[in-house]
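Novice: According to our numbering, the stretch in the first sequence is residues 306 to 1186, in order. Pasting in a structure now, in structure tokens, and then I'll have a few things to ask.
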Amino acid sequence: MENEQKQTLAPKYNPKQVEADRYSFWTEGKFFEAHNDSDKEPFSIVIPPPNVTGRLHLGHAWDTTMQDTISRMKRMQGYDVLWLPGMDHAGIATQAKVEEKLREDKISRYDLGREKFMETAWEWKEEYADFIREQWGKMGLSLDYSRERFTLDTGLSDAVEEVFVKLYEKGLIYRGQYIINWDPQTQTALSDIEVEYEEIEGKFYHMRYPVQGSKETIEIATTRPETMLGDTAVAVHPEDERYQHLIGKKVILPIVGREIEIVADDYVDMEFGSGAVKITPAHDPNDFDIGERHHLERVLVMHEDGTMNENADKYEGMDRFECRKAIVEDLQTDGVLFDIETHFHQVGHSERSGAVVEPYLSTQWFVNMQPLADASVELQKTDEKVNFVPARFEQTYLHWMENIRDWCISRQLWWGHRIPAWYHKETNELYVGKEAPKDIENWEQDEDVLDTWFSSALWPFSTMGWPDIDQKDFKRYFPTDVLVTGYDIIFFWVARMIFQSVEFTKEKPFKDVLIHGLIRDAEGRKMSKSLGNGVDPMDVIEQYGADSLRYFLLTGTSPGQDLRFHWEKVEATWNFANKIWNASRFALMNMEGMTFEDIDLTGELQAPDKWILTRLNDTITHITKNTDKYEFGEAGRALYNFIWDDFCDWYIELAKVSLYSENASSKQTTRSVLAHVLDQTLRMLHPYMPFITEEIWQQLPHEGYSITVASWPFVNPQFHDETTMETMEKVMEAIKAVRNIRAEVDTPMSKKVDMLIKTNTNQITEQLEVNRHYLERFCNTETLSIQEEITVPEQAMSAVITGAEVFLPLEGLIDFEKEIARLEKELEKWKKEVELVQKKLSNKGFVDKAPASVVEAERKKEVEYQEKYTAVEDRLKELQK
RNA sequence: GAGCCACUAACUCAGCGGGAGAGUGCUACCUUGACAGGGUAGAAGUCGUAGGUUCAAAUCCUACGUGGCUCACCA
């Protein structure tokens, strides 16, 4: 279908070249589109929609790579996979960016007006959406673009309205005047979780308010003295002896001169401070509650931009912090303020703008959370529960749900879903509905929009056509199989998706939720703009390729843990990719003219062939199991070891014996094994490193258009031979001994040495004979002797292995002292090992209580260690003669 | 105040009941016909501390210490 030309691979892996056009090949081939194919099991994931505010960061790269790995494996396993892409309009964040851009041209959103502003914002969105898609492509994400969604799309907006109206009708959405978190910079309300608390060194101001009609004063303290302008009471504990006589009396509020009452309320802690508290119902949530109980007046002293209003007397027009300064000075002069203490306390900041959040009396829309939370908590007690991975995050989630507070959902922005509520111009009657009122000219729609998370909460089902429950995608792909996200948004998003889904679909939104940590810099600090320590995933791809970045992200840590970014580790991954590249080059060089049909494993397999095929089986089992469990680190490591150690270091080397031989049939079998193992390995590696695997796979003898839709490897029990495994273990041990013994005498590789190998089983002798050429790399051809009986020269070094002994005639090669010392050291080692095992076996408790298999293994070890000990001892005695 | 996580080789991290592992770095040797961004061999860890459970503990339990995080906070 495409003009893939067979060409030899370049000697070095070049990710840029490999990755260049691959993504368009995949998308044009529509390999990533879900087919609604009823012959297959559906499998679905929805992407956590990134904000259309800018570049994707490493957190996104991590998150989406995991989803891609899962999707790709499932697709290869034959599932009808839907991985649905999309983006979030990100209300405050985007609006702030757009306004910032407008400010550069010295215009405000009010200059433009709502409609024009929205147009500008949409333009912004389009620009960034393209940008994001480009980045997804660079990372190789197997997304189904035919189903891409945006939270402000018509369908999704319909879902938002449906949910709002339904909840309103159920009494679960209400409008009212309460203390909310106000961000004076962006001038909007925030929900509780959009406020970040930071410990700040502040001041604690102590003041005395004069009691009316007496010389007495009452002492109070505050961290926000400017709010005293809005005080409408002083509260004391009803049982506080000190203040009994004052309850019901009035104090004169300094500066303002207002008479305010002293009330008694349980809320007050007698032990803290003076035991008397100033009450500002319009600027503090606790004070608001007390105000409710005592029917106090609510006096707002600030404008929405954080400047003081007409109730602030002479401070009107001042910024809240300027006012604080001024008021402190004035009160000090009056003697009302008599002490200032340094005080560390938590101050709330807007998650988006960073501005100090003002608790502020305001009319907003809220979701009554208790009934919704209760249902979600109940769900976790059933078999239908959402499965958190790692499990501990379920506790985090439940704890939040169980202590839920009402959710303030209105935002004083333009960019978002406008609240479907209208007020009658004359009667001020409230109408809530999906359709605007008929006599629209008499009504005005609520100016506010909904919290961004209100729409994201519906994402798993709104993207699939809900509220039209007959939509094909909704019926087939909902609930989704897994959601992947960071622990930092469990409350913002995961929790809200669950309760909305439970309420509206009566189902969980996803079966599993895979929670990952945060990406940090090499020193373990959070990556942030202010620190300037952020790493752009596109830079990493530029330098090392997407596959290296992906593999690093997937294997760098275990589920739920944070991940530190190290360039060196990405580089190490590049080395791995290069290894695969070169091993494949070798394989391809030996497969000239070979087609997929030529791969034939029915020939006579040699021990190394059987060995690698068995190892392949083990690896398939292990990788499949661990990828399914989201243990990407474990699976990745197993792939690494299989490819580097088993396939490259052992199999390829051993295969050379056959490949370089004149035996055509054995050569053909080896080529087939090589092709088969490489093919299967590439398939397993594909979800981890999609680009390089596709590139190589296309060059290999293969069947099918793309590895993305090739079938996932399965275990072939035919290729499992325990006896061969044991033999090969011993052969490999013998070969290692040869290397080892050479290293001991510091013989240069270029200088071949004499070597004698005495084996004690026929099978090993045979195998070593077959691989004689391999051993000849280290030994003189003429003197290499592999027999069951050999004459060992008097002066020789030896290595003892199970089933064989390797001897190196010394002939003045090295000094005896060194060799004796070496053997003594080894003897000591085996002595200790034997003692340890014997101690264990003589322990009655162990023999009686440990599982039989464990005891049996220990007995085997005892024999083996004893053998080694004796052999070393013999050699030592001989040398010491 | 409540909870969670981490503490394992110089560094970054796995392992989570049966004799300490990987990558990087380090040492020595090697241009062996896929790869010197490679190969071979090697050094390197009282698995934070102290108790306990167990025939057996890095792994389970309890305290404590040190970092980090989340939630809730008294003005």
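Beta carbons are placed, not taken as given, at the ideal position from N, Cα and C, and that holds for glycine.
Do the segment 896-912 and the segment 872-886 make contact, defined as three or more Cβ pairs closer than 8 Å?
Specialist: With the cut-off at 8 Å, the segment 896-912 and the segment 872-886 do not touch.
Novice: Please list the terminal residues of the continuous beta strand (DSSP E) segment that includes Met512.
Specialist: Position 207 of the first sequence, counted from the start, is the residue given in the question as residue 512. Element bounds for Met512: 500-515.
Novice: When the Cα of Ser496 is compared with those of Gly622, Asn1076, Trp758, which residue comes out closest?
Specialist: Here residue 496 corresponds to residue number 191 of the first sequence, with the count starting at 1. Answer by Cα proximity: Trp758.
Novice: Sort Val694, Lys915, Asn733, Glu699 by Cα distance to Leu684 and report the nearest one.
Specialist: On the first sequence, residue 684 is found 379 positions in, with the first residue counted as 1. Cα-wise, what sits closest to Leu684 is Glu699.
Novice: Using the three-state DSSP reduction, which class does Ser1189 fall into: helix, strand or coil?
Specialist: With the chain running from 306 to 1186 in the structure shown, residue 1189 is simply not present.
Novice: For Phe815, write down the residues that DSSP places opposite it in a beta bridge.
Specialist: Here residue 815 corresponds to residue number 510 of the first sequence, with the count starting at 1. Bridge partners of Phe815: Thr785.
Novice: Rounding to the nearest angstrom, what Cα-Cα distance links Gln1068 and Ile904 in this structure?
Specialist: Taking the first sequence and counting its residues from 1, the one referred to as residue 1068 is at position 763. Taking the first sequence and counting its residues from 1, the one referred to as residue 904 is at position 599. If you take the alpha carbons of Gln1068 and Ile904, they lie about 28 Å apart.
Novice: Just to confirm my understanding: we take Trp727, look at its own chain, exclude 5 residues before and 5 after, and list those with CB closer than 6 Å. What are they?
Specialist: Here residue 727 refers to the residue found at position 422 when the first sequence is read from its first residue. Hits under 6 Å: Tyr736, Pro742, Trp748, Gln750.
Novice: Residue range of the alpha helix (DSSP H) that Asp385 falls in?
Specialist: Looking up residue 385 in the first sequence gives position 80. Run containing Asp385: none in the alpha helix (DSSP H); it sits in the beta strand (DSSP E), 385-389.
Novice: Sorted by chain position, which residues of the same chain lie with C-beta nearer than 6 Å to Lys1173's C-beta, five sequence neighbours on each side aside?
Specialist: As a working mapping, residue 1173 is identified with position 868 in the first sequence. Excluding residues within five positions, the ones whose Cβ falls inside 6 Å are Val1105, Trp1135.
Novice: For Lys739, name the three-state secondary structure that DSSP assigns.
Specialist: In the first sequence, counting from the first residue as 1, residue 739 sits at position 434. Three-state DSSP puts Lys739 in coil, outside helix and strand.
Novice: Considering only C-alpha positions, which residue in the set Ile350, Asp592, Phe881, Ile1091 is nearest to Thr790?
Specialist: Translated into positions along the first sequence, residue 790 becomes position 485. If we check each option's Cα against that of Thr790, Ile350 comes out closest.
Novice: What distance in whole Å lies between the Cβ atoms of Ala1039 and Ala980, which are believed to be in contact at a cut-off of 8 Å?
Specialist: In the first sequence, residue 980 corresponds to position 675, counting from 1. In the first sequence, residue 1039 corresponds to position 734, counting from 1. With 8 Å as the limit, Ala980 and Ala1039 do not qualify as a contact, their Cβ atoms being about 28 Å apart.
Novice: Exposed or buried, Asn880, counting other C-beta atoms within 10 Å across all chains shown (16 or more means buried)?
Specialist: One-based indexing of the first sequence puts residue 880 at position 575. That one is exposed.
Novice: Under a three-way DSSP split, which group does Phe870 fall into?
Specialist: By 1-based counting over the first sequence, the position of residue 870 is 565. Phe870: coil per DSSP, three-state reduction.
Novice: Quick one: give me the first and last residue of the beta strand (DSSP E) that Lys1063 is part of.
Specialist: Along the first sequence, read from residue 1 onward, the residue named residue 1063 stands at position 758. Counting along the chain, the beta strand (DSSP E) containing Lys1063 begins and ends at 1061-1064.
Novice: What does the alpha-carbon distance come out to for the pair Asn308 and Thr785?
Specialist: Indexing the first sequence from 1 puts residue 308 at position 3. Indexing the first sequence from 1 puts residue 785 at position 480. Its pLDDT being 35, under 50, Asn308 is placed unreliably in this model, and the coordinates cannot settle the point.
Novice: Would Leu921 and Val982 be called neighbours here (beta carbons separated by less than 9 Å)?
Specialist: Within the first sequence, residue 921 is the residue found at index 616, counting from 1. Within the first sequence, residue 982 is the residue found at index 677, counting from 1. Their beta carbons are under 9 Å apart, which means Leu921 touches Val982 by this criterion.
Novice: Going by DSSP in three states, Thr860 sits in which element: helix, strand or coil?
Specialist: Numbered from its first residue, the first sequence carries residue 860 at position 555. In the structure shown, Thr860 sits in a helix (DSSP, three-state: H, G or I).
Novice: By alpha-carbon positions, which one of Ile803, Arg1082, Glu466 ends up nearest to Ile724?
Specialist: As a working note, residue 724 is residue 419 in the first sequence. Ranking the options by Cα distance to Ile724, first place goes to Glu466.
Novice: Return the residue from the list Ala1042, Leu1073, Phe766 that minimises the CA-CA distance to Pro353.
Specialist: One-based indexing of the first sequence puts residue 353 at position 48. The candidate whose alpha carbon is nearest that of Pro353 is Phe766.
Novice: For Thr638, which three-state DSSP category applies?
Specialist: For the purposes of this step, residue 638 is identified with residue 333 of the first sequence, where counting begins at 1. Thr638 falls in the helix class under three-state DSSP.
Novice: To which residues does DSSP link Arg716 through a beta bridge?
Specialist: Counted from its first residue, the first sequence places residue 716 at position 411. Partner(s): Val754.
Novice: Rounded to whole angstroms, what is the Cα-Cα separation between Glu1183 and Glu1099?
Specialist: Translated into positions along the first sequence, residue 1183 becomes position 878. Translated into positions along the first sequence, residue 1099 becomes position 794. Each residue's Cα considered, the two are about 7 Å apart.
Novice: Report buried or exposed for Gln1023, applying the criterion of at least 16 other Cβ atoms within 10 angstroms of its Cβ.
Specialist: Numbered from 1 along the first sequence, position 718 holds the residue referred to as residue 1023. Flag for Gln1023 reads exposed.
Novice: List the whole-angstrom C-beta distance separating Thr1029 from Ala912, where the pair is believed to meet the contact cut-off of C-beta under 8 Å.
Specialist: Position 724 of the first sequence, counted from the first residue, corresponds to residue 1029. Position 607 of the first sequence, counted from the first residue, corresponds to residue 912. Contact holds; Cβ gap of about 5 Å.
Novice: In the DSSP assignment, find the alpha helix (DSSP H) that holds Asp933 and state where it starts and stops.
Specialist: The residue you call residue 933 lines up with position 628 of the first sequence. Taken as a continuous stretch (DSSP letters only), the alpha helix (DSSP H) holding Asp933 covers 912-933.
Novice: Please go through the same chain and pick out, in chain order, the residues whose beta-carbon is closer than 7 Å to the beta-carbon of Ala1015, but skip the five residues on each side of it.
Specialist: Counted from its first residue, the first sequence places residue 1015 at position 710. Excluding positions up to five away in sequence, the list reads Met381, Arg988, Gly1009.
Novice: Below 8 Å on the Cβ atoms is my contact criterion, and I expect Phe1083 with Arg1127 to pass it. Report the Cβ-Cβ distance as a whole number of Å.
Specialist: As a working mapping, residue 1083 is identified with position 778 in the first sequence. As a working mapping, residue 1127 is identified with position 822 in the first sequence. About 19 Å; that fails the 8 Å criterion.
Novice: Once DSSP output is grouped into helix, strand and coil, what is the label at Val1020?
Specialist: The residue given as residue 1020 occupies position 715 in the first sequence. In the structure shown, Val1020 sits in coil (DSSP, three-state: anything other than H, G, I, E or B).
Novice: Got a sec? Which residues, its chain only, sit under 8 Å from Phe779 by beta carbon, not counting five neighbours each side?
Specialist: Taking the first sequence and counting its residues from 1, the one referred to as residue 779 is at position 474. So the qualifying residues of the chain are Phe766, Met769, Gly770, Trp771, Asp773.
Novice: With H, G and I counted as helix, E and B as strand and the rest as coil, what does DSSP make of Tyr433?
Specialist: The residue given as residue 433 occupies position 128 in the first sequence. Helix.
Novice: Per DSSP, what kind of secondary structure is Ala366 in: helix, strand or coil?
Specialist: If you number the first sequence from 1, residue 366 lands on position 61. It is helical.
Novice: Measuring alpha carbon to alpha carbon, tell me which of Thr493, His600, Thr369 ends up nearest Ile565.
Specialist: Along the first sequence, read from residue 1 onward, the residue named residue 565 stands at position 260. Taking only the C-alpha atoms, the option nearest Ile565 is His600.
Novice: Please classify Ala1157 as buried or exposed, where buried requires at least 16 neighbouring CB atoms within 10 angstroms.
Specialist: Position 852 of the first sequence, counting from 1, holds the residue named residue 1157. With fewer than 16 Cβ atoms within 10 Å of its Cβ, Ala1157 is classed as exposed.
Novice: Below 8 Å on the Cβ atoms is my guess for Pro390 versus Glu333; work out the distance and round it to an integer in Å.
Specialist: In the first sequence, the residue the question calls residue 390 occupies position 85. In the first sequence, the residue the question calls residue 333 occupies position 28. About 17 Å separates the two Cβ atoms, so there is no contact after all.
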